[in-house]
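In the working numbering, the protein residues as written are 18 to 310.
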């Protein structure tokens, strides 16, 4: 009700006219909780799409702030639906295209599920037509094992949940999955339309610090060693951007460095649109996060 009042007020403030709500169709609910949640999800996705469209217009600062507040509110509601009641794939549902990973039509496109074509260690052999949040969870568990050498199968998971993020462009929609174990926290982001991993993060639950911390040069060497292990021969196709280094400090102590790498094509030309950032924690000597460009 608060959001409806804000939308009416925003309409009146921008267009200097009243928004009439008499002809709104009622929403029908039935005994199937999943269908009801799908209906609510679809309604909120439609509203969010319209709000994102409004943000493209030239509005004053007051209107933009009000609009952004509405976007956050509706987005949080959608995330709450997905968190409390993960919606599974249902062939009879009319909303599958809005809440599920899209199917891949060609077998070669399965490489998108891997992170820069890494060896297929324990990842699924096929990209299924019917995809659920369980499948996303399995991708996340396998990726954590590959990139961080940590098995969530052999270690106790004490908490886990996921969120859904999206913009007006469906190609930007992704799932963010969290895992918490007695000693570590993990976060991973997976694109909705391809199943491709775009971000992966780990951190220790308890502080495990070394002294003194690594300097920039030694941190770079440790990162290169990690990449050689994970990428194998593909490491030769990586180009280190020496002009980019992001340093993280706290209380005058360097806690981490973020480096940037780009890919070279078959002719050795650098592709500045394909690459990744990698961050090393200098206190605990771990690769903490990797994010794609």
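Backbone N, C-alpha and C define an ideal beta-carbon position, used for all residues, glycine too.
Just so you know, these numbers come straight off a predicted model, no measurement behind them.
By Cβ distance, which residues of its chain are closer than 6 Å to residue 152, with the 5 residues on each side in sequence left out? Translated into the one-based positions of the chain shown, residue 152 becomes position 135. Same-chain partners within the cutoff: there are none.
Distance check for residue 92 and residue 273, CA to CA, integer angstroms please. Here residue 273 refers to the residue found at position 256 of the chain shown. Here residue 92 refers to the residue found at position 75 of the chain shown. Their Cα atoms are separated by approximately 32 Å.
C-alpha gap between residue 66 and residue 75, whole angstroms: Locating residue 66 in the chain shown gives position 49, where the first residue counts as 1. Locating residue 75 in the chain shown gives position 58, where the first residue counts as 1. Their Cα atoms are separated by approximately 17 Å.
Own chain partners of residue 29 with C-beta closer than 7 Å, once the 5 adjacent residues on each side are dropped: As a working mapping, residue 29 is identified with position 12 in the chain shown. 35 and 36, listed in sequence order.
Give the single residue among 192, 267 and 280 whose Cα lies nearest to the Cα of residue 258. Taking the chain shown and counting its residues from 1, one reaches residue 258 at position 241. Checking every option, the nearest Cα to that of residue 258 belongs to 280.
Which residue comes first and which comes last in the beta strand (DSSP E) that contains residue 242? For the purposes of this step, residue 242 is identified with residue 225 of the chain shown, where counting begins at 1. Not the beta strand (DSSP E): residue 242 falls in the alpha helix (DSSP H), residues 233–248.
According to DSSP, simplified to helix, strand and coil, what is residue 28? What you label residue 28 is simply residue 11 of the chain shown in a count that begins at 1. Helix.
Cut-off 6 Å between Cβ atoms - residues of its own chain near residue 244, not counting five sequence neighbours on either side: Sequence index remark: in the chain shown, residue 244 carries index 227 (1-based). Closer than 6 Å at Cβ, skipping near neighbours: 252.
Is residue 23 helix, strand or coil by DSSP? Counted from its first residue, the chain shown places residue 23 at position 6. It is helical.
What are the start and end residues of the alpha helix (DSSP H) that includes residue 159? Sequence index remark: in the chain shown, residue 159 carries index 142 (1-based). Segment 150–165, the alpha helix (DSSP H) holding residue 159.
Grab me the residues of residue 265's own chain with a C-beta within less than 6 Å of its C-beta, minus the 5 sequence neighbours each way, in chain order. Mapped onto the chain shown, residue 265 falls at position 248. Answer for residue 265: 272 and 273, listed in chain order.
Given that a residue counts as buried once 16 or more other Cβ atoms are within 10 Å of its Cβ, and exposed if not, what is residue 95? Residue numbering aside, residue 95 sits at position 78 when the chain shown is read from its first letter. Label assigned to residue 95: buried.
Please classify residue 219 as buried or exposed, where buried requires at least 16 other C-beta atoms within 10 Å of its C-beta. Residue mapping note: residue 219 aligns to position 202 of the chain shown, counting from 1. By the neighbour-count rule (16 or more Cβ atoms within 10 Å), residue 219 is buried.
Limits of the beta strand (DSSP E) - the one that residue 305 falls within: On the chain shown, position 288 is the one that residue 305 refers to. Counting along the chain, the beta strand (DSSP E) containing residue 305 begins and ends at 303–309.
Rounded to the nearest angstrom, how far is the Cβ of residue 275 from that of residue 263, given a contact under 8 Å? Here the question's residue 275 lines up with position 258 in the chain shown. Here the question's residue 263 lines up with position 246 in the chain shown. The pair is a contact, with the Cβ atoms about 4 Å apart (cut-off 8 Å).
May I ask which residues mark the beginning and end of the beta strand (DSSP E) holding residue 287? In the chain shown, the residue the question calls residue 287 occupies position 270. Residues 287–298.
Straight-line Cα distance separating residue 284 from residue 254: Numbered from 1 along the chain shown, position 237 holds the residue referred to as residue 254. Numbered from 1 along the chain shown, position 267 holds the residue referred to as residue 284. Cα to Cα, the separation comes out at about 10 Å.
Contact set for residue 27: own chain, Cβ-Cβ below 6 Å, skip 5 residues either direction: Numbered from 1 along the chain shown, position 10 holds the residue referred to as residue 27. Correct list, in chain order: 83.
Measure the alpha-carbon distance for residue 78 versus residue 69 and round it to whole angstroms. Counting from one through the chain shown, the residue named residue 78 turns up at place 61. Counting from one through the chain shown, the residue named residue 69 turns up at place 52. Going by the C-alpha atoms only, they are around 15 Å apart.
I need the boundaries of the beta strand (DSSP E) containing residue 175, first residue and last residue. Taking the first residue of the chain shown as 1, we reach residue 175 at position 158. No beta strand (DSSP E) contains residue 175, which DSSP labels as neither H nor E.
Work out the CA separation of residue 177 and residue 197 for me, nearest whole Å. Here residue 197 corresponds to residue number 180 of the chain shown, with the count starting at 1. Here residue 177 corresponds to residue number 160 of the chain shown, with the count starting at 1. Whole-angstrom Cα-Cα distance: 6 Å.
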